[in-house]
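Reviewing the structure listed below.
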Amino acid sequence: MIQEKVDSGQSNDSTFTVIRKRTSTPIAKLVLLTGIAFAILAVLVIVTQTFILLVALLATLSLSGYLLVALKRQKKLRSGKRIQVPFALLFGLLLLPIAVAAFYSFENFNAKSIYTMIVAFGMTLTFMYSMVNVPLTVYHKRMEETRKMIFAAPLVTIIVPAFNEEKSIRKALDSIVEADYPHKEIIVIDDGSTDNTSAIAKSYQDKMSPNNFIVVSKPNGGKASALNYALRFAKGEYIIAVDADSIMGRDAIKEIMKYFQQPEVVAVGGNIKVKNRNNMLTYCQALEYLVGINLFKRAYDIFGVVMVVPGPLGGFRKKVLLERGEYDRDTLAEDFDTTVKALKTGRAVQASSYAMSFTEAPENVAGLYKQRLRWNRGNLQTLMKHRDIISNSRFGMLQKYGYPLVFLTMITLPFLSIVVASFIILALLNGEWFFILITFLIFVALEAILAAIAIVMDEEDWKLVLLSPFFVVGYKHLIDIFTIKSVIDVAFRRNLKWTSDKLETKKNFPQGHE
Amino acid sequence: MDNNVQRSSTQSTNSSLIDNFNRSVRDLLVLIRERRITRFEPLFERGGGFTYSSLEGYELWEQLDLLHRLEKEGFLRSDLSESILQCPHCRSTEFTVQLSCTVCDSTNVTRGAVIEHLACGNIDFEHKFIKEEHEGNLLVCGKCGKRLKAIGVDYSKPGIFYKCLDCRALLPQTQNLCTCLNCAKSSKEDQLKELQMMRYEVDSERVSRHFVTNNLLPIVAEKLHTENKIRASCPGKIRGLSKVEHSFGLLISHRESGEPILVADLLDNGRNGIDQPQDSVRILAFYAKSLDASFSTKNIIKRILVIQSELTKDAIELADAYGITVLRQDNADSLVATILEIIAGGSSKNTISDDGLPET
Numbered sequence: 001m002i003q004e005k006v007d008s009g010q011s012n013d014s015t016f017t018v019i020r021k022r023t024s025t026p027i028a029k030l031v032l033l034t035g036i037a038f039a040i041l042a043v044l045v046i047v048t049q050t051f052i053l054l055v056a057l058l059a060t061l062s063l064s065g066y067l068l069v070a071l072k073r074q075k076k077l078r079s080g081k082r083i084q085v086p087f088a089l090l091f092g093l094l095l096l097p098i099a100v101a102a103f104y105s106f107e108n109f110n111a112k113s114i115y116t117m118i119v120a121f122g123m124t125l126t127f128m129y130s131m132v133n134v135p136l137t138v139y140h141k142r143m144e145e146t147r148k149m150i151f152a153a154p155l156v157t158i159i160v161p162a163f164n165e166e167k168s169i170r171k172a173l174d175s176i177v178e179a180d181y182p183h184k185e186i187i188v189i190d191d192g193s194t195d196n197t198s199a200i201a202k203s204y205q206d207k208m209s210p211n212n213f214i215v216v217s218k219p220n221g222g223k224a225s226a227l228n229y230a231l232r233f234a235k236g237e238y239i240i241a242v243d244a245d246s247i248m249g250r251d252a253i254k255e256i257m258k259y260f261q262q263p264e265v266v267a268v269g270g271n272i273k274v275k276n277r278n279n280m281l282t283y284c285q286a287l288e289y290l291v292g293i294n295l296f297k298r299a300y301d302i303f304g305v306v307m308v309v310p311g312p313l314g315g316f317r318k319k320v321l322l323e324r325g326e327y328d329r330d331t332l333a334e335d336f337d338t339t340v341k342a343l344k345t346g347r348a349v350q351a352s353s354y355a356m357s358f359t360e361a362p363e364n365v366a367g368l369y370k371q372r373l374r375w376n377r378g379n380l381q382t383l384m385k386h387r388d389i390i391s392n393s394r395f396g397m398l399q400k401y402g403y404p405l406v407f408l409t410m411i412t413l414p415f416l417s418i419v420v421a422s423f424i425i426l427a428l429l430n431g432e433w434f435f436i437l438i439t440f441l442i443f444v445a446l447e448a449i450l451a452a453i454a455i456v457m458d459e460e461d462w463k464l465v466l467l468s469p470f471f472v473v474g475y476k477h478l479i480d481i482f483t484i485k486s487v488i489d490v491a492f493r494r495n496l497k498w499t500s501d502k503l504e505t506k507k508n509f510p511q512g513h514e
Numbered sequence: 001m002d003n004n005v006q007r008s009s010t011q012s013t014n015s016s017l018i019d020n021f022n023r024s025v026r027d028l029l030v031l032i033r034e035r036r037i038t039r040f041e042p043l044f045e046r047g048g049g050f051t052y053s054s055l056e057g058y059e060l061w062e063q064l065d066l067l068h069r070l071e072k073e074g075f076l077r078s079d080l081s082e083s084i085l086q087c088p089h090c091r092s093t094e095f096t097v098q099l100s101c102t103v104c105d106s107t108n109v110t111r112g113a114v115i116e117h118l119a120c121g122n123i124d125f126e127h128k129f130i131k132e133e134h135e136g137n138l139l140v141c142g143k144c145g146k147r148l149k150a151i152g153v154d155y156s157k158p159g160i161f162y163k164c165l166d167c168r169a170l171l172p173q174t175q176n177l178c179t180c181l182n183c184a185k186s187s188k189e190d191q192l193k194e195l196q197m198m199r200y201e202v203d204s205e206r207v208s209r210h211f212v213t214n215n216l217l218p219i220v221a222e223k224l225h226t227e228n229k230i231r232a233s234c235p236g237k238i239r240g241l242s243k244v245e246h247s248f249g250l251l252i253s254h255r256e257s258g259e260p261i262l263v264a265d266l267l268d269n270g271r272n273g274i275d276q277p278q279d280s281v282r283i284l285a286f287y288a289k290s291l292d293a294s295f296s297t298k299n300i301i302k303r304i305l306v307i308q309s310e311l312t313k314d315a316i317e318l319a320d321a322y323g324i325t326v327l328r329q330d331n332a333d334s335l336v337a338t339i340l341e342i343i344a345g346g347s348s349k350n351t352i353s354d355d356g357l358p359e360t
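Protein sequence lines correspond, in order, to chains A and B.
FYI, the working numbering numbers position 54 of the first sequence as 54, with every residue one higher than the one before it.
FYI, the working numbering numbers position 302 of the second sequence as 302, with every residue one higher than the one before it.
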């Protein structure tokens, strides 16, 4: 590892040593894994002899290659602007599988070709979605490792909205106090708790200067209301919102502040990890978070259009929050909504994989169902609320990349996944065992490679690779069904209230916090 | 001869100390009455440690002895207030404390906050995990090389630990080696003496009664002497057959020959103090010394015990058997009248008064 000191420049309240780091990260390992992933797809093309997969593979490689070259050129020219990809190219690539599938079915139309075509189409779209991101994330990892250390430590306000969190808030506050950042202010908003949350929070006032640790109690009004209330007290120029049932990583504030050195960055999301890994379901969620953040969020990050700054750990410039009307209460996903509002400023929203937060995941299917229902409903409400993005080219990569991809992930892929699953069953009934078995095994291998890439990137537990089959069949479909249920609820405007397994015991307090 | 002189000198010093001590007890009782003190509580004073502030002018050990004596006499009731440690050699409470290894007893011990890396079990001082040359201030495990992510997730801070620089043991606690600032001797913490400092409540009723009864016999002696021309002394001393000099609360002697006629003592019974002898034992003690004293004279000495509260049935029978007249009176005039009657020979046996108490 080589390190190099650089001049601290415009620092005004500098407390950190200025270090720029050049690390020998496992880039070679990641490049090798990426090569294996593409080789597996090549094997899939050869085995199935499906023309559409070949087209998709070539399209994926082309797009990845184009983006990498564009990124490289941008870096050489030291351009302050973020990369812009022609909309027609992206749109065309998204439509490609559909067009080719349609062509394929008309050319060889028979009963068997219909399900072959649908299965191939679903798989194509899935692996295109995954594989375009893989080379980008490897590139992102390399870029991230050379990110400059912060050289100034401006005051950061950490807001902890809490509602009946007496069991978890102690750990959360311990981690915030422990966080390695010299100039921080902590505001705990007790949102009408009926337990000892406030008393526990007040006991931390001795550990910090009274001016830097504030506990405020207010009547229950929900998380958005608590966050807005805290903004009235915040003295910091930067706001980091954390959940009271999450544990903040020791380097989280520092890592988030690295991004805020760039004036165009208005918000930074953290890397959320599952803390309670104690059964198959929580392990699956751990892998889901890991792959989601390391393979997809990194790609969004390259374009500066990270779509969700997560509730358990997210930083914002206070000025942007205030200018954009703070946190709104009209959706169930105030984190997604606030992020999209920040993105609409035309400036960058990024994510740090080193800024970690450890959260409690639901431990049973019922709990997971309620959590995902709330997330999905909130996300769909937000997508609907900000649908003007689609028709407005002023939003740049948000319009061309971020928003369509979220739309694809949230609506198209879950429906397609269920349709493909149905046709796979049909194919099995028709005796297409070999095709389905080979395809299944190849996809399991592909998922395992993707998991391995994410594990290498985040120095995670290798045991998680063993769960890859559940991301082809099982867990994936469970999540897709939850998403479809949410889409139906929003489409038919059913009663969209806050749903959480934790809140079942809080019936008198409908405004929950998660 | 030298030994005898020395013994005599020691006895004289001891006697002087006891006299001083008794004087202090009396002074303290006067202090309690005059200042209306209701309790004695140990208070921490900067520079002096714990002390009973009402007893200023005395060393701590003197304060404790005095208060303990008053408690034994029934003037005070106590319960525990503080426990402090004393040097086992000189009773000082001032020490310099050194950390000492529980494994090898070395005092070459350092301490600091430790981190436990939950993944590999490595426990070491926090500064051993800090890698300042790597991104400012990261925590990296020295054993497995992994970066520590979040407290409560992959590492914990169990608190302050101690490391012996001689035997390299990492200890959750050490033994304290206490060196006395007074005598410079070192003791381990468990070798120090525990000193229990009590909170004392004054039994005000008992104190008042003490002053009434203590003044009774001197007044009676004065009255007998001035009003009735009887030779009375308070206290009166008689050297007995055993050559031991006995002291009585009141001694009435023959005016001309000086032979003792009557001896009286105050039986301060009915106290709540600890270690108080039983009434019957004290009656026997009084009888024994009056008997010893009676061998030094040809006269029959009359014996009177003035009591403060009701005697037990056994004690009454005992007094009756030994010819002791028991009087329960707190009025000097009536006591003088009764004594005169006894001297005149009007009554020499015990009777029970109208209120059920012994009377003359």
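Cβ coordinates follow ideal geometry from the N, Cα and C atoms, glycine included.
Exercise. Taking only runs that begin and end inside the stretch 292-342 of chain A, name each unbroken beta strand (DSSP E) of 3 or more residues, in chain order.
Key: Counting whole runs of 3 or more residues, the stretch 292-342 of chain A contains the beta strand (DSSP E) stretches 313-317.
Quiz item: Hey, out of A:R250, A:D489 and A:A70, whose CA is closest to R372 (chain A)'s CA?
Solution: Against the first sequence, residue 372 (chain A) aligns to sequence position 372. Per the Cα distances, A:D489.
Quiz item: Taking one C-beta from the stretch 198-209 of chain A and one from the stretch 223-235 of chain A each time, how about it: are there three or more such pairs within less than 8 Å?
Solution: Note that the stretch 198-209 of chain A does not touch the stretch 223-235 of chain A; fewer than 3 beta-carbon pairs, one per stretch, sit closer than 8 Å.
Quiz prompt | Same chain, Cβ closer than 8 Å to E288 (chain A), five either side skipped, listed in chain order | solution = As a first step, residue 288 (chain A) is located in the first sequence; it is residue number 288 there, counting from the start. Result list for E288 (chain A): F471, Y475 and I479, in chain order.
Quiz item: How is the alpha helix (DSSP H) around P404 (chain A) delimited, first residue to last?
Solution: Position 404 of the first sequence holds residue 404 (chain A). According to the DSSP assignment, P404 (chain A) belongs to the alpha helix (DSSP H) that extends over Y403 to F407.
Self-check item: Reduced DSSP category for K171 (chain A) - H, G, I as helix; E, B as strand; rest coil
Solution: Here residue 171 (chain A) refers to the residue found at position 171 of the first sequence. Three-state DSSP puts K171 (chain A) in a helix.
Exercise. Using a Cβ-Cβ cut-off of less than 8 Å, list which residues of the stretch 156-188 of chain A approach chain B; keep chain order.
Key: Along the stretch 156-188 of chain A, the positions whose C-beta sits under 8 Å from a C-beta of chain B are K171, D174, S175, E178 and D180, read in chain order.
Quiz item: Alpha carbon to alpha carbon, how far is A451 (chain A) from M307 (chain A)?
Solution: Counted from its first residue, the first sequence places residue 451 (chain A) at position 451. Counted from its first residue, the first sequence places residue 307 (chain A) at position 307. Taking the CA atoms as reference points, A451 (chain A) sits about 22 Å from M307 (chain A).
Quiz item: How would you list, in chain order, the residues of chain A whose beta-carbon sits under 7 Å from the beta-carbon of G152 (chain B)?
Solution: As a position in the second sequence, residue 152 (chain B) is number 152, starting the count at 1. The contacting residues are K171, D174, S175 and I247.
Quiz item: Do Q399 (chain A) and I567 (chain A) come within 8 Å of each other at the CB atom, strictly closer than that value?
Solution: Chain A is shown from 1 up to 514; residue 567 (chain A) falls before or after that span and cannot be answered.
Quiz item: Within the 8 Å Cβ cut-off, does K275 (chain A) reach chain B?
Solution: Counting from one through the first sequence, the residue named residue 275 (chain A) turns up at place 275. Nearest CB-CB separation between K275 (chain A) and chain B: below the 8 Å threshold.
Quiz item: Using a beta-carbon distance below 8 Å, is K149 (chain B) in contact with chain A?
Solution: The count along the second sequence starts at 1 and reaches residue 149 (chain B) at position 149. With 8 Å as the cut-off, K149 (chain B) counts as an interface residue toward chain A.
Quiz item: Counting contacts by CB-CB distance shorter than 8 Å, is N137 (chain B) in contact with chain A?
Solution: If you number the second sequence from 1, residue 137 (chain B) lands on position 137. Chain A places a beta carbon closer than 8 Å to that of N137 (chain B), counting this residue as a contact.
Quiz item: For the putative contact between V220 (chain B) and I339 (chain B), defined by C-beta atoms under 8 Å, what is the C-beta separation to the nearest angstrom?
Solution: What you label residue 220 (chain B) is simply residue 220 of the second sequence in a count that begins at 1. What you label residue 339 (chain B) is simply residue 339 of the second sequence in a count that begins at 1. In this structure, V220 (chain B) and I339 (chain B) form a Cβ contact; the two beta carbons are roughly 7 Å apart against a cut-off of 8 Å.
Quiz prompt | For I484 (chain A) and E326 (chain A), the rounded distance between their alpha carbons | solution = By one-based count along the first sequence, residue 326 (chain A) stands at place 326. By one-based count along the first sequence, residue 484 (chain A) stands at place 484. Answer to the nearest angstrom: the Cα atoms are 30 Å apart.
Quiz item: How would you list, in chain order, the residues of chain B whose beta-carbon sits under 7 Å from the beta-carbon of R517 (chain A)?
Solution: As displayed, chain A neither begins before 1 nor continues past 514, which places residue 517 (chain A) out of reach and without an answer.
Quiz prompt | Sheet register partners of V265 (chain A) (DSSP bridge) | solution = By 1-based counting over the first sequence, the position of residue 265 (chain A) is 265. Its beta-bridge partners are A:A348.
Quiz item: Any beta-carbon of chain B closer than 8 Å to the one on F358 (chain A)?
Solution: Looking up residue 358 (chain A) in the first sequence gives position 358. For F358 (chain A), a Cβ of chain B is located within less than 8 Å of the residue's own Cβ.
Self-check item: Distance between beta carbons of T157 (chain A) and E178 (chain A), contact taken as under 8 Å
Solution: As a first step, residue 178 (chain A) must be located in the first sequence, where it is residue number 178. As a first step, residue 157 (chain A) must be located in the first sequence, where it is residue number 157. Rounded, the Cβ-Cβ distance is 17 Å, inconsistent with contact.
Exercise. Determine the direct distance from the alpha carbon of H254 (chain B) to that of R231 (chain B), and round the result to whole angstroms.
Key: Position 231 of the second sequence, counted from the first residue, corresponds to residue 231 (chain B). Position 254 of the second sequence, counted from the first residue, corresponds to residue 254 (chain B). Our two residues, R231 (chain B) and H254 (chain B), have alpha carbons roughly 7 Å apart in a direct line.
Quiz item: CA-CA distance, W383 (chain B) and S100 (chain B)?
Solution: A query on residue 383 (chain B) cannot be resolved here, the shown segment of chain B reaching from 1 to 360 and no further.
Quiz item: By the 10 Å Cβ neighbour count, where 16 or more other Cβ atoms means buried, how is N379 (chain A) classified, buried or exposed?
Solution: Position 379 of the first sequence, counted from the start, is the residue given in the question as residue 379 (chain A). Buried: at least 16 other Cβ atoms inside 10 Å.
Quiz prompt | Per-residue DSSP class, three states only, for T93 (chain B) | solution = Looking up residue 93 (chain B) in the second sequence gives position 93. It is coil, neither helix nor strand.
Quiz item: Quick one, which of B:R239, B:D333, B:T325 and B:A285 has its alpha-carbon nearest N228 (chain B)'s?
Solution: As a first step, residue 228 (chain B) is located in the second sequence; it is residue number 228 there, counting from the start. Considering only alpha carbons, the answer is B:D333.
Practice problem: Taking I115 (chain B) as the reference, give the member of B:P88, B:C90, B:D154 and B:R77 with the closest Cα. | Solution: The residue you call residue 115 (chain B) lines up with position 115 of the second sequence. Put simply, of B:P88, B:C90, B:D154 and B:R77 the residue whose alpha carbon is nearest the alpha carbon of I115 (chain B) is B:D154.
Quiz item: Ordered along the chain, which non-local residues of its own chain (more than five positions away) have a Cβ less than 7 Å from that of K275 (chain A)?
Solution: To locate residue 275 (chain A), count along the first sequence from 1; it is residue 275. Result list for K275 (chain A): I247, F358, T359 and E360, in chain order.
Quiz item: Which one or two residues does DSSP pair with M197 (chain B) in a beta bridge?
Solution: Numbered from its first residue, the second sequence carries residue 197 (chain B) at position 197. Note: M197 (chain B) sits in a beta bridge opposite B:E82.
Quiz prompt | Cut-off 6 Å between Cβ atoms - residues of its own chain near S83 (chain B), not counting five sequence neighbours on either side | solution = As a first step, residue 83 (chain B) is located in the second sequence; it is residue number 83 there, counting from the start. Taken in chain order, the residues that qualify are E194 and Q196.
Practice problem: Indicate whether P312 (chain A) and G270 (chain A) have their beta-carbon atoms separated by less than 8 Å. | Solution: In the first sequence, residue 312 (chain A) corresponds to position 312, counting from 1. In the first sequence, residue 270 (chain A) corresponds to position 270, counting from 1. Taking 8 Å as the Cβ cut-off, P312 (chain A) and G270 (chain A) qualify as a contacting pair.
Quiz prompt | the stretch 136-150 of chain B contacting the stretch 199-214 of chain B, beta-carbon criterion three pairs below 8 Å | solution = Short answer: they don't touch.
Quiz item: Quick one: what's got a C-beta closer than 7 Å to P235 (chain B)'s C-beta in the same chain, skipping five residues either side?
Solution: Indexing the second sequence from 1 puts residue 235 (chain B) at position 235. These residues qualify, in order along the chain: S247, F248 and G249.
Quiz item: How far does the alpha helix (DSSP H) with Q175 (chain B) in it reach, from first residue to last?
Solution: Residue numbering aside, residue 175 (chain B) sits at position 175 when the second sequence is read from its first letter. From DSSP, Q175 (chain B) is part of no alpha helix (DSSP H) but of the beta strand (DSSP E) over Q175 to C180.
Self-check item: A285 (chain B) classed as buried or exposed, judged by whether at least 16 other C-beta atoms fall within 10 angstroms
Solution: Position 285 of the second sequence, counted from the start, is the residue given in the question as residue 285 (chain B). So A285 (chain B) ends up on the exposed side.
Quiz item: In terms of alpha-carbon separation, which member of B:N299, B:E222, B:Y58 and B:D292 lies closest to S257 (chain B)?
Solution: The residue you call residue 257 (chain B) lines up with position 257 of the second sequence. Of all alpha-carbon atoms in B:N299, B:E222, B:Y58 and B:D292, the one lying nearest the alpha-carbon of S257 (chain B) is that of B:N299.
Practice problem: Pull up the DSSP beta-bridge partners for Q98 (chain B), would you. | Solution: Taking the first residue of the second sequence as 1, we reach residue 98 (chain B) at position 98. According to DSSP, residue pairing for Q98 (chain B) in a beta bridge involves B:L177.
Self-check item: N392 (chain A) in three-state terms, based on DSSP
Solution: For this step, residue 392 (chain A) is matched to residue 392 along the first sequence. N392 (chain A) falls in the coil class under three-state DSSP.
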